[in-house]
Amino acid sequence: DTAVSQTPKYLVTQMGNDKSIKCEQNLGHDTMYWYKQDSKKFLKIMFSYNNKELIINETVPNRFSPKSPDKAHLNLHINSLELGDSAVYFCASSRDLTDTQYFGPGTRLTVL
Amino acid sequence: RKEVEQDPGPFNVPEGATVAFNCTYSNSASQSFFWYRQDCRKEPKLLMSVYSSGNEDGRFTAQLNRASQYISLLIRDSKLSDSATYLCVVNRGGGNKLVFGAGTILRVKS
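Heads up: the protein sequence lines correspond to chains A and B, in order. Under the working numbering, the residue at position 57 of the first sequence is numbered 58, and the numbers go up by one with no gaps. Under the working numbering, the residue at position 61 of the second sequence is numbered 53, and the numbers go up by one with no gaps.
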């Protein structure tokens, strides 16, 4: 019973390509998030959605576009991938805008 | 200066030892505080919330000092399975925005 799942787990691609990472939660939560953990292990929030509405949009290049088709899904699309986009991307969800966040297993993105 | 600062370690301790981690945060408007644990190549998992009154969960004790903007985690009777990176996390509010420290590495050895 996976609570927060992400696909793919690993993604290796060339610079300049466009790719998507998918996230799904089966917890019935209203709020979902995307985080980036870089090579120095810093985990930083990128976006959050509550009931499909964008709440947090940190200083992220506009090549990154989140999409929430419904409350259970938050996908991340990245255009024109750059070397610096290589990182582990974690999806998370919480019951609402105040509750504990639960993280997915991560997607390890490598841009060559 | 980073918003949440931690000693990166690593802390190398023998089984059974007591180890303490400290963390400071710079934003006095921060609303809630946590310790998360992250195993190698895994996702962060909530270890415990941190309150001013202090809270304990088995071998783990967390403490918050709002005046000094300081958070601590004490692990007693360390086990091999405690080996992980411990992340100090501050909730800045504004939509449940978590700010993570870089983490403190703990290695417990037999």
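All C-beta atoms in this analysis are idealised placements derived from N, C-alpha and C, irrespective of residue type, glycine included.
Is residue i close to chain B, meaning its C-beta is less than 8 angstroms from at least one C-beta of that chain?
i, result
"P106(A)", "yes"
"T32(A)", "yes"
What residue range is occupied by the uninterrupted beta strand (DSSP E) comprising residue i?
i, result
"R(-7)(B)", "It is not in any beta strand (DSSP E) - R(-7)(B) carries neither H nor E in the DSSP assignment."
"L66(B)", "Y62 to I67"
"E25(A)", "K20 to Q26"
"M47(A)", "L44 to N51"
"Y17(B)", "V11 to Y17"
"C92(A)", "A88 to S95"
"V5(B)", "F3 to P6"
"R109(A)", "T108 to V112"
Quick one: Cα of residue i to Cα of residue j, how far?
i, j, result
"Q(-2)(B)", "G93(B)", "6 angstroms"
"S75(B)", "L66(B)", "14 angstroms"
"R58(B)", "D19(A)", "45 angstroms"
"K94(A)", "F104(A)", "The sequence given here has Ser at residue 94(A), not Lys. If you take the alpha carbons of S94(A) and F104(A), they lie about 7 angstroms apart."
"L84(A)", "L113(A)", "6 angstroms"
"R(-7)(B)", "R84(B)", "17 angstroms"
"A4(A)", "K23(A)", "14 angstroms"
Excluding sequence positions up to five away, which residues of its chain have a Cβ less than 8 angstroms from the Cβ of residue i?
i, result
"V5(B)", "V11, S70, L98, R99, V100 and K101"
"L44(A)", "Y36, K37, Q38 and F91"
Spell out whether any CB of chain A is found under 8 angstroms from the CB atom of residue i.
i, result
"A94(B)", "yes"
"L66(B)", "no"
"P36(B)", "yes"
For residue i, I'd like the list of residues in its chain whose CB is within less than 7 angstroms of its CB, leaving aside the five on either flank, ordered along the chain.
i, result
"S66(A)", "H78"
What residues in its chain sit with their C-beta under 6 angstroms from that of residue i, if we drop five residues either side in the sequence?
i, result
"Y50(A)", "M33, S69 and L75"
"G107(A)", "V89 and F91"
"V81(B)", "F26, Y28, L90 and F92"
So which residues on chain C does residue i lean against when the C-beta distance must stay under 9 angstroms?
i, result
"I57(A)", "In the displayed structure, chain C is absent; the protein chains listed are A and B."
When you check each C-beta in the segment 32 to 51 of chain A against every C-beta of chain B, which residues fall closer than 9 angstroms?
Look at the segment 32 to 51 of chain A: the residues with a C-beta under 9 angstroms from a C-beta of chain B are T32, Y34, Y36, Q38, K41, K42, F43, L44, K45, I46, S49 and N51.
In the segment 82 to 102 of chain A, which residues sit with their C-beta less than 7 angstroms from some C-beta in chain B, listed in chain order?
When C-beta distances to chain B are compared with 7 angstroms, the residues of the segment 82 to 102 of chain A below that value are F91, S95, L98, T99, T101 and Q102, in chain order.
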